[in-house]
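Residue numbers (the working numbering): 14 to 930. Glycine included, C-beta positions come from ideal geometry on N, C-alpha and C. See structure below.
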RNA sequence: GUCGCUGUGGCGAAAUGGCAGACGCAUUGGACUUAAAAUCCAAGGACCCUUAACAGGUCGUGUGGGUUCGACUCCCACCAGCGACACCA
C-alpha cells in the first residue's frame, strides 16, 4: 500500500527543517570545518503573479550545490530575500489607491510560501527585503558615502570629500565657492541632464531602461528633456571595472558584454580653431606657448577621435545639435535652417534618430574651422548622427575612412580625400577607394599625409598624437561608452534620498545641499493620500505633508529631496547585508564580512549580465576604497542559468491554442483535441499571450517538489536554453518512484524496508556500480553538471532494481547521493534506513578507484579507422599484448591478409587501428 | 549591421580527438492480470544484402572544404535559429 507520496512527506520534512533550524548558518564559519562557502541566488522581484518555473531553476542548482558542500563539511551561507521596490507595486497602488507596502508584503508572503514548498535550504532567519526600513537605512547610508566621496584620479581611489584639495583660486572665493567645488567632485552629484522622460510612466528612466526610444517596461514613448538629476560617477571607476574583470571566474561571454558596455577606447582629443585662415599662425603660436587647455576655449571645437592618423583626411566637422557652440558658430544666413534642425532633433526620440532607413541628415552652420595639419578651412555641420553624450559631442569627419562620415559626405557632396591605403587589395578596390566610390575603414598605410606618409596606422596614430601634443593642439585621450549613472526617479515606491536642500528666507532653495545626519537615518517614506502621478516631472513625494517635507537643522530650514532611488539601488549591496542582517551599528559587520566574502557562486539570469552586476561592482569598489569591505570584487564566480521556454501551438490562421487542448502523436504532430485540426508547434518564452505558462505550484501539487527540482535539473545543462515538457516531469517522477520501490515494500500495509534490502557485503560487480556512481555524481555536482549526475543515479537504480538482494550500504550511498537533488525523499528514506537525524550534515559518500575498474575490457579493432571487430582483454593489457591479440582476431586477420600494414596505432585500454594499403 | 550562443534519432539530451546517440520521454513487443491500469523485462539512427538465425555492408552529428591513422569534437568558409547591442567617432 504505501506508495511514494510526496504530498505527505514533503510538508513533513519542510516542517522538520524549519522547527529544527537545520539550515541556520552561524555568524562566522566553523573554526574547525572545511572552510566557508557563500552561495547566492539573484533575489527575485516579488511580483503578484508568484513564482515562475524560471525561478526554481537557478535556486535548485544553488540548493544542490549547498547541500552537497554541507555534507562535505563546509560552512555554507545560503540566503534569500526580495528586491521589492519597483514599478508594478506602485502601479497597483495607483490603480487601487492602497499603499504599495501592503501589496508588496502580501506578495512577499506568497513568494516565501512558494519557495518553502520547494524545500530550499535557505537560512530563512536572514531573509530581507530591500523595502524593509532597517534595510534601506543602510542603502541611504551608502548613498551618503557616495555623496561624501570624490575620486582621486592620481591614486585611482575614492577618498573622503574632506580630503579633496581645494585650488587656491577657489579657496579665495570663500566657503560657498568651496562647497560648490566640492559638490561638483562628489561621486553622487546633481546635474542638468538630458533625461529620458516617460510621460506614461510619469518618470525619467536610465538610458539602460530605454529600448529604441521606448520604455523597457510597458513600451511607452520616451522624450528627451533637460532636468536636474542625481548622477553617480560610475565613469570614474570605468578603468577598474574593466581591469578587475580579469580576476573573476565568469564566462568569457559575460565578461565581454561588460567590457563592451564600458567600451574603453584610446584616441586623441584635437582642437579645431574656428577662426579665419589669416589668424591661424597667431593661434598656433599661442597654443605652442600655452599648451593644450584643460577645457576647450570658446574659439575652438574639440573633437575626440580614435583615428588621429586620418587627420589629413578630415574634410569637414560635425557637432551634435545639443553642442554648446551651436548658437555661437551659426552664421546669420544659416540661422533659420539651423534653428529648425536643432528643434526637430530635440523632438526626435532616440528611436526616430536611429531607426528607419538611417539616412543621415544635417545642416551647414555657415562657419569653418582650420584643420590643424592641412591648415585649410573645413566646413562645420550640425547633424544628429553625432551624439552629444559621447566624447566631446563633436567629430572631425573623415569620409574616406569612416562609413558614417562617408554616407553623410555622399548625401551632401562633401569632399572625400583618401589618406590610408589598404595593404592587400585588388587594383579595382584601390581605384574605388581613391575615387571615393568605397569607404575603407580598416588599418593600412598612411598616404596624402605629408610627413606621415608610409607609416602604418598604428605608428601614424602615435606619431600624430605626439605631433599634436607638441604643438598644444591635441593630446592622447581615453573615452568610454559608459555614462554616469542617472540615479534619481520621480516615483513614490523607492528609497528616499537622504539629502536636504537649504532654503533661503523666502523658503526657496538656495542651491546648497547637505546629507541627512547619519544618526537621523533612516528617512522613511511619508504617508501619501494620493498615489496618482500628476504628469509633471516632479516627484510624488513633493505631495507629502510639510511635516515630512520640511526639516529644521542647526537653525537652518531645509526641504527634503523628493526624488527616490532606482530599483537597482537595493540590489547593489544585498549580498553584504545577508552576512549580518541584524547588525545595527553598520551596514555589515566588519569581521563577518571579511570571513564570508566574496560570494563563491552567484547564479541568476543573463538579463542582469550588464547592469545589476556593473552597478553592484561599482558600489562595492567605492565601499572598498572607503574601508567598508575587504575585497575588490563581490562575486568571484558567476553562472547564468538558461531560459526555460515552453511549447506553444498555432493553428492555420496563426491563432494560439492553449496547451491543454492539444494532443500530439508519436511523431510530434500536434492536433487540436476538439477540432482535429493539425497545429504548428513552436518553442517560445512563456507568456500569457502564448498560453504556454507553466505554474510551478501546480507541478508541485501533481508531481511533488522533488520531481520539479529533479526535472528542472535533468532537462539539460544549467546554462542552456531549454523547453519545458510535462512528459519529462513525469519521467523523473517515475525515477523517484523507482527509488522508493528499490528500498520500500510497496505491498506491505505499513511503510517498511523490503526484505531484499539486507545488511550484507557487496559483490565486486555491485562495488563497481557503487563506486563509479559516487565518483561521477561527485564530479558532476562540483561542475554543476546536474543532468548527467541524475543520469548516473538512474543507471544505479536500474542496476540494483535487477539485483536479488540490495545491500544496505549501497542503499545508504544512493540515498546520500540523491539527498541534494531530492531532499525530501532522501530524508524519508534515510530515516527508514535506520537513522535518527537529518542527513543534511551526513558525510558525503567516498569512492575507491580500485573498486571501479573491471578486470576485463572490450576493445574495438579498426582497419583504416573503421571498426571491424572487438576483443575482450585484461584491463591491464600492455600495448604489445593488445596488438598481438588484435592480429589473432579471426575477422581482422582475414581483412589484413595480403594487405601492406603501413602503421599500427595501439592505445592500451582504448583501441587498436591498423592502417593498410 | 556588429557581437555572442546553438545546430546530434520522433522529442529532451550524452560523448570535447579514439566503439556517436549514455540517461530520460514517446513508441513497439513480452511477462503479470479475467481485464485494464500500475509494475517488471526487452527492442530500437537510416538504408542495403542475405537469412531459419547468427552475422555482414553502406551512409549518418546544419552545409562545403581542410588537418589527422582516426573528427560531433580542431581549423577555414558558408547556412539557419535564438539572444544581446546597435550611428560610441
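{"Item": "Own chain, CB closer than 6 Å to residue 557, minus 5 neighbours either side, in chain order", "Value": "539"}
{"Item": "Cβ contact (3+ pairs, closer than 8 Å) linking the stretch 72-87 and the stretch 108-121", "Value": "no"}
{"Item": "Boundaries of the alpha helix (DSSP H) in which residue 719 is found, first to last residue", "Value": "718-727"}
{"Item": "Contact set for residue 545: own chain, Cβ-Cβ below 6 Å, skip 5 residues either direction", "Value": "107"}
{"Item": "Given 8 Å, three or more beta-carbon pairs between the stretch 57-69 and the stretch 559-572", "Value": "no"}
{"Item": "Minimum C-alpha distance to residue 613 - residue among 636, 644, 583", "Value": "644"}
{"Item": "Where the beta strand (DSSP E) containing residue 204 begins and where it ends", "Value": "201-211"}
{"Item": "Spatial neighbours of residue 73 in its chain, beta-carbon cut-off 7 Å, leaving aside the 5 residues before and after", "Value": "722, 725, 726"}
{"Item": "Short Cβ contact (9 Å threshold) for residue 618 with residue 733", "Value": "no"}
{"Item": "N-terminal and C-terminal residue of the beta strand (DSSP E) that residue 657 is part of", "Value": "657-663"}
{"Item": "Cβ pair count under 8 Å reaching 3, the stretch 274-285 against the stretch 633-641", "Value": "no"}
{"Item": "N-terminal and C-terminal residue of the beta strand (DSSP E) that residue 653 is part of", "Value": "651-654"}
{"Item": "Run of the beta strand (DSSP E) containing residue 487, from where it starts to where it stops", "Value": "487-492"}
{"Item": "Cβ distance (whole Å) where residue 445 is taken to contact residue 451 below 8 Å", "Value": "4 Å"}
{"Item": "Candidates 813, 878, 898, 810: closest to residue 884 by CA position", "Value": "898"}
{"Item": "Residue 732, DSSP secondary structure in three states", "Value": "coil"}
{"Item": "Same chain, Cβ closer than 6 Å to residue 447, neighbours up to 5 away in sequence not counted", "Value": "431"}
{"Item": "Beta-carbon proximity of residue 435 to residue 415, cut-off 9 Å", "Value": "no"}
{"Item": "Beta-carbon proximity of residue 314 to residue 342, cut-off 9 Å", "Value": "yes"}
{"Item": "CA-to-CA distance, residue 928 to residue 755, given in whole angstroms", "Value": "49 Å"}
{"Item": "Reference residue 795; option with closest CA among 24, 35, 128, 75", "Value": "75"}
{"Item": "Of the listed residues 376, 344, 372, 345, nearest to residue 356 (C-alpha basis)", "Value": "376"}
{"Item": "Reference residue 374, options 396, 27, 210, closest by Cα", "Value": "396"}
{"Item": "Given 8 Å, three or more beta-carbon pairs between the stretch 297-304 and the stretch 315-329", "Value": "no"}
{"Item": "Residue 679 classed as buried or exposed, judged by whether at least 16 other C-beta atoms fall within 10 angstroms", "Value": "Per-residue confidence for residue 679 stands at a pLDDT of 48, beneath the threshold of 50, marking its modelled position as unreliable; the derived number appears in the next sentence. The residue in question, residue 679, is exposed, as its Cβ has fewer than 16 Cβ neighbours within 10 Å."}
{"Item": "Whether residue 154 touches residue 576 by CB criterion (9 Å)", "Value": "no"}
{"Item": "Coil, strand or helix - residue 540 by DSSP", "Value": "coil"}
{"Item": "Residue 83 burial status per 10 Å Cβ neighbour count (16 or more: buried)", "Value": "buried"}
{"Item": "Residue 331 beta carbon less than 9 Å from that of residue 408", "Value": "yes"}
{"Item": "Segment contact, 8 Å Cβ cut-off, at least three pairs: the stretch 141-154 with the stretch 577-594", "Value": "yes"}
{"Item": "Member of 881, 288, 893 whose CA lies at the smallest distance from the CA of residue 907", "Value": "881"}
{"Item": "C-beta contact flag for residue 145 and residue 37 at 9 Å", "Value": "no"}
{"Item": "Inter-residue CB distance, residue 328 and residue 412 (contact presumed, cutoff 8 Å)", "Value": "6 Å"}
{"Item": "contact_flag[the stretch 260-271, the stretch 511-524] where n(CB pairs < 8 Å) is 3 or more", "Value": "no"}
{"Item": "CB-CB length for residue 800 against residue 730, believed under 8 Å", "Value": "6 Å"}
{"Item": "CB of residue 839 within 9 Å of CB of residue 831, strictly", "Value": "yes"}
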